[in-house]
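**Student:** In the UniProt record's numbering, the protein residues as written are 1 to 180.
Note that the Cβ used here is the ideal one computed from N, Cα and C, for glycine as well.
The structure that follows is given in the form of structure tokens.
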Amino acid sequence: MKNVTARCSDIDAQSVWRCPGLFYGELQPKAFEQATGCKRDFVQDNHSRSRQGVLRGIHYQLEQPQGKLVRVVQGSVWDVAVDLRRDSAHFGQWVGVELSAENSRQLWVPEGFGHAFVVLSETADFLYKTTDYYHPESERCIRFDDPELAIEWPELPVEFSLSEKDQAGSTFSKADVYKR
Ligand SMILES: Cc1cn([C@H]2C[C@H](O)[C@@H](COP(=O)(O)OP(=O)(O)O[C@H]3O[C@@H](C)C(=O)[C@@H](O)[C@H]3O)O2)c(=O)[nH]c1=O
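In structure tokens form, the structure reads like this:
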């Protein structure tokens, strides 16, 4: 499997099941720094809800590149980060991880990576913090099924469902990428 863990950190979130309900402790800056070795200020918190089979990505912004700390608070997704830094030893390699409300895992997707996910459960609530602001003018998309990237997506009982923007994604070979 083409896989890279370099600079993508899988973090144990601080969530605790309670009876009844769930207590979720936001990852504090110090804990984030300890887990990733990175120091970041997050400027935006996003929340999206999608149904099973919805696939979003592979997204990235050329300007104002965003580091993303991602997690799921309801349901589960298969989450993927792709190294798009041309000078990187891991250029074009990807890492995938299941994120769910049950496993409380978080993935740190650093600046310079593309990001995508597909919803495994009936629905999923996906939350992410970003290190820079949304910049639609420089947003780019690479096809999730690019043969060169050869990302392994899970099999689902429903067809994958993509937005028009995601259907029109570029091939990896023709995509604008990061210089470093
Ligand atoms: C991401 C984003 C979208 N929007 C708006 C634009 C549009 O009208 C609507 C939906 O946008 P999108 O179709 O881009 O949403 P979505 O497909 O959920 O995009 C997200 O996908 C995942 C994989 C990521 O990595 C995220 O960074 C982001 O790109 O929300 C904002 O206003 N601010 C934002 O930060």
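Any heavy atom of ligand 1 closer than 7 angstroms to the beta-carbon of residue 143?
**Tutor:** Walking along the sequence shown from the start, residue 143 turns up at place 143. No.
**Student:** Would the stretch 67-84 and the stretch 102-121 be scored as touching if the rule is three or more Cβ pairs under 8 angstroms?
**Tutor:** Yes, the stretch 67-84 is in contact with the stretch 102-121.
**Student:** On the premise that residue 57 lies in contact with residue 144, defined as a C-beta separation below 8 angstroms, what is that separation, rounded to the nearest angstrom?
**Tutor:** Here residue 144 refers to the residue found at position 144 when the sequence shown is read from its first residue. Here residue 57 refers to the residue found at position 57 when the sequence shown is read from its first residue. With a Cβ gap of about 6 angstroms, residue 144 and residue 57 count as contacting.
**Student:** So what's residue 139 in DSSP terms, helix, strand or just coil?
**Tutor:** The residue labelled residue 139 in the question sits at position 139 within the sequence shown. Of the three classes helix, strand and coil, the one that applies to residue 139 here is strand, per DSSP.
**Student:** May I ask whether a heavy atom of ligand 1 can be found less than 7 angstroms away from the beta carbon of residue 134?
**Tutor:** Taking the sequence shown and counting its residues from 1, the one referred to as residue 134 is at position 134. Yes; taking the cut-off as 7 angstroms, the Cβ of residue 134 has a heavy atom of ligand 1 nearer than that.
**Student:** Go to residue 44, then tell me how far its beta strand (DSSP E) extends in each direction, as first and last residue.
**Tutor:** For the purposes of this step, residue 44 is taken as the residue at position 44 of the sequence shown. Residues 44-51.
**Student:** Just reading off the beta strand (DSSP E) that residue 123 is part of, what are its end residues?
**Tutor:** Reading the sequence shown from its first residue, position 123 is the one you call residue 123. Its beta strand (DSSP E) spans residues 123-130.
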